[in-house]
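Chemist:
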Amino acid sequence: MNRFVPSNLVVLRRDVLCAASALLEEQVRASQAFSAIAKTLHRVHGELANSLAELAGRADADLTVRQLARRCQTLRTTLALVEQHYQADVVRQRDALRALLAAFNESSKVLAQTLVEKDLLDRHRMVLERVVLSYERVINWLPFIEEVLKEFHAIFPFDLFFVAFAEKHGLTAHLFYPGRPTAAQRSDLEPQLVRELLARLNQPFDAAVDLAVHYLDWTPWFGIATAQCYQLLTEKVPDHRSGLAGILGVGFGSPHARVRDRSQRTAPACV
Amino acid sequence: MRNLELYRDSNHLCVLLHETEGNEEEGIHSNQYLILHREEGVLLDPGGFGVMPDVLEAMLDYCTPEQIKAIILSHQDPDIVGGLASWLEITQAQVWISRLWTRFIPHYGLPPKAVERLIAIPDEGARFTWNDGTELELLPAHFLHSEGNFHVYDPTSQILFSGDLGAAEMSSAALSPFVDDFPAHVCQIAGFHRRYMVSHRAVAVWRATLGDRPLSMIAPQHGAIYRGRAITDFLAWIDELPCGVDCLQPGGRFLP
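Read top to bottom, the protein sequences are chains G and P. Residue numbers for the first sequence follow the numbering used here, so the first one is 798 and each next one is one higher. Residue numbers for the second sequence follow the numbering used here, so the first one is 542 and each next one is one higher.
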């Protein structure tokens, strides 16, 4: 779970996973205890059954002893059946709990991601539109954008904001980092970002890109270090309103990113 | 309760799972570490009975049980092995432990056929190899404190996972997860090391084994993780520490 996920969902996920895991652990322990007891039962019962069988085999053995020996043998078979049935149940329940853990974990991750994306897109659509629509209308565009992003960052602490426009000479992309990432962090992140932007704008992968990087110095850099940890949320610029073909979006760190399919994490949607 | 990432690059992650809060865990607080390399995971000292649910929940943030290829146990104590049966039920992992303990571990109660998944580490140590050929080194640290004891050195992150060596008997969640000021930390570890580490000779032999491997952190199984200056300070301190049988006196007394 990352810092953008609602805390009640984090708590719910933790509680459910811990409860199911605890059940599994208790079951393992109970199964081991049962196996140990069953082993002792088999041994002691076997000794009794053998003694009775020996007594019943004597020529002078009375009917009661013979009947007891037979019942003892039946009990031995029954005990084996009980244990077999119990252990089969244990395996079924263990498999069910494992499946439940896996399914719930995956569902909670997907739900968390969906909530983050919905929250971002719903609450900040107007902010994003202000950025886009001001591009060719506001003379001091950069100071204006930085002010907008300051407001945006207070509500949604993104690690990277970008806006890119496909213009006649190629792609113009503005990157805004809250704080100052290292050169190594930038060189890890930016090539991937450019690839995604070009792909989203249906541009050739080797199209010219004019990259302008801006640092928002009113906050330190808190971003996660590698591109593999980033999730990007993108919005196509509404070209019917701006006359520009473009894209904008935010990047933010997530520990899940390395184990999840990227295609499931980008959620393009038109404004 | 949170996970603490100690190292991350595009292929490799070292994380302290579920950094527990004070009194959350009965008995002494313990650290469980996950190393994830590409899509393969290794769990180090996964903890005693009752700890598994929290550790599993924390681990699921990064990988599935199926991705865990190995569980490496520094030694045989219950705070390390007590929960092993459950991990063997939910993973297909092999379990690496000193050859001294492979015949004792089943006494913790293991699932059927689990013994076949135990790998005996020879006294001289071993290497765990990831699918791409990258390795973890299992370095001998015998008698620190267990008779058959191993540390895990990760050359990628340069972190030494040191089991009980460097361990602190810390109980307060308010304390930092890292040791930055070693002189202030000594009081948390001195008593434990004097009594539990078997001898000064064992320390000296371990130091020779460790050699000049670069260390970014020393991550013990209990208490805070050493980094920066605290690493060299700790090594200098342990080099000079009389401990264990060096301090043993007639009548069961120990030198202070």
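Each residue gets a CB set at the ideal place from its N, CA and C atoms; glycine is no exception. As the structure is a prediction and not an experimental result, all values here were calculated from the model.
Quick check: is the beta carbon of residue 822/G nearer than 7 Å to any beta carbon in chain P?
Modeler: So, interface residue.
Chemist: Taking C-beta to C-beta, are residue 594/P and residue 869/G nearer than 7 Å?
Modeler: No, the pair does not count as a contact, with Cβ atoms beyond the cut-off.
Chemist: Residue range of the beta strand (DSSP E) that residue 582/P falls in?
Modeler: Taken as a continuous stretch (DSSP letters only), the beta strand (DSSP E) holding residue 582/P covers 581-585.
Chemist: In this structure, how does DSSP classify residue 938/G when only helix, strand and coil are distinguished?
Modeler: Helix.
Chemist: Which term fits residue 836/G, buried or exposed, when burial requires 16 or more other beta carbons within 10 angstroms of its beta carbon?
Modeler: Looking at its Cβ environment, which holds fewer than 16 other Cβ atoms inside 10 Å, residue 836/G is exposed.
Chemist: Which of the three DSSP states is assigned to residue 621/P in this structure?
Modeler: Here residue 621/P sits in helix by DSSP.
Chemist: Can you tell me where the alpha helix (DSSP H) holding residue 744/P begins and where it ends?
Modeler: Looking at the DSSP string, the run of the alpha helix (DSSP H) that includes residue 744/P is 741-751.
Chemist: Per the DSSP calculation, residue 766/P is bridged to which residue(s)?
Modeler: DSSP, once it has assigned bridges, lists 719/P as partnering residue 766/P.
Chemist: Give me the Cα-Cα distance between residue 739/P and residue 605/P, rounded to the nearest whole angstrom.
Modeler: Distance between the alpha carbons of residue 739/P and residue 605/P is about 38 Å.
Chemist: Look at the alpha carbon of residue 972/G and the alpha carbon of residue 915/G, and state the distance between them as a whole number of angstroms.
Modeler: Roughly 23 Å between the two C-alpha positions.
Chemist: For residue 548/P, does the three-state DSSP call read helix, strand or coil?
Modeler: Of the three classes helix, strand and coil, the one that applies to residue 548/P here is strand, per DSSP.
Chemist: Enumerate in chain order the residues of its own chain whose CB-to-CB distance from residue 897/G is below 6 Å, with the five nearest sequence positions on each side excluded.
Modeler: Excluding sequence neighbours, residue 897/G sits near 817.
Chemist: Counting C-beta neighbours from all protein chains within 10 Å, is the total for residue 984/G 16 or more, i.e. buried, or is it exposed?
Modeler: Answer is exposed; the Cβ neighbour count stays below 16.
Chemist: At the level of alpha carbons, what is the spacing between residue 671/P and residue 910/G?
Modeler: Spanning the two alpha carbons is a distance of roughly 30 Å.
Chemist: For a quick check, are the C-beta atoms of residue 545/P and residue 555/P less than 7 Å apart?
Modeler: For residue 545/P and residue 555/P, no; Cβs fall outside 7 Å.
Chemist: Could you tell me the distance, in whole angstroms, from the CA atom of residue 643/P to the CA atom of residue 655/P?
Modeler: Each residue's alpha carbon lies about 11 Å from the other.
Chemist: If you drop the 5 nearest sequence neighbours on each side, which residues of the same chain put their C-beta closer than 7 Å to that of residue 699/P?
Modeler: Here the set comprises 755, 756 and 757.
Chemist: Show which residues of chain P have a CB atom less than 7 Å away from the CB atom of residue 811/G.
Modeler: Under the 7 Å cutoff, chain P gives 598.
Chemist: Listing by chain order, which chain P residues have their CB less than 9 Å from the CB of residue 895/G?
Modeler: Here the neighbours are 606, 630 and 631.
Chemist: Closer than 7 Å, CB to CB, is residue 931/G near chain P or not?
Modeler: With 7 Å as the cut-off, residue 931/G does not count as an interface residue toward chain P.
Chemist: Suppose only complete runs of 3+ residues qualify. What are the beta strand (DSSP E) ranges in the stretch 936-1018 of chain G, listed by chain order?
Modeler: Fully enclosed beta strand (DSSP E) runs of 3 or longer: 957-964, 967-975 and 1006-1013.
Chemist: Would you call the stretch 606-616 of chain P in contact with the stretch 857-873 of chain G, where contact means no fewer than 3 C-beta pairs closer than 8 Å?
Modeler: They do not touch, by the three-pair rule.
Chemist: Classify residue 869/G as helix, strand or coil using the three-state DSSP reduction.
Modeler: DSSP places residue 869/G in helix when its eight states are reduced to three.
Chemist: If we ignore side chains and look at the alpha-carbon of each, how far apart do residue 774/P and residue 804/G end up?
Modeler: Looking at the two C-alpha atoms, the distance is approximately 39 Å.
Chemist: Curious, which full-length beta strand (DSSP E) runs of at least 3 residues does the stretch 812-839 of chain G contain?
Modeler: Whole beta strand (DSSP E) segments, 3+ residues: zero.
Chemist: Listing by chain order, which chain P residues have their CB less than 8 Å from the CB of residue 909/G?
Modeler: The contacting residues do not exist; residue 909/G stays about 11 Å from chain P at best.
Chemist: I believe residue 956/G touches residue 1002/G by the beta-carbon criterion, under 8 Å. Please report the beta-carbon distance rounded to the nearest angstrom.
Modeler: In fact, because the Cβ distance is near 25 Å, the residues do not count as touching under 8 Å.
Chemist: For residue 564/P, which of helix, strand or coil comes out of DSSP?
Modeler: Confidence at residue 564/P is low in this model, with a pLDDT of 47, below 50, so the placement of that residue is unreliable and no value is reported for it.
Chemist: Taking just the CA atoms, how far does residue 639/P sit from residue 690/P?
Modeler: Those two C-alpha atoms are separated by around 6 Å.
Chemist: Chain G partners of residue 659/P, CB-CB under 9 Å?
Modeler: Near residue 659/P there are no residues of chain G at all, since even the closest Cβ is about 17 Å away, more than 9 Å.
Chemist: Taking one C-beta from the stretch 877-895 of chain G and one from the stretch 826-841 of chain G each time, how about it: are there three or more such pairs within less than 8 Å?
Modeler: Cβ pair count under 8 Å is three or more, so yes.
Chemist: Does any residue of chain P bring its CB to less than 7 Å from the CB of residue 814/G?
Modeler: So yes, residue 814/G belongs to the interface.
Chemist: What is the rounded straight-line gap between the Cα of residue 651/P and the Cα of residue 624/P?
Modeler: Answer to the nearest angstrom: the Cα atoms are 10 Å apart.
Chemist: When you compare the CB of residue 981/G with every CB in chain P, is at least one pair closer than 7 Å?
Modeler: Closer than 7 Å: no.
Chemist: Taking residue 787/P and residue 741/P to be in contact with their CB atoms under 8 Å, please state how far apart those CB atoms are, rounded to whole angstroms.
Modeler: Going by Cβ atoms, the distance from residue 787/P to residue 741/P rounds to 5 Å, so yes, they are a contact pair.
Chemist: What's the C-alpha gap between residue 941/G and residue 596/P?
Modeler: Distance between the alpha carbons of residue 941/G and residue 596/P is about 47 Å.
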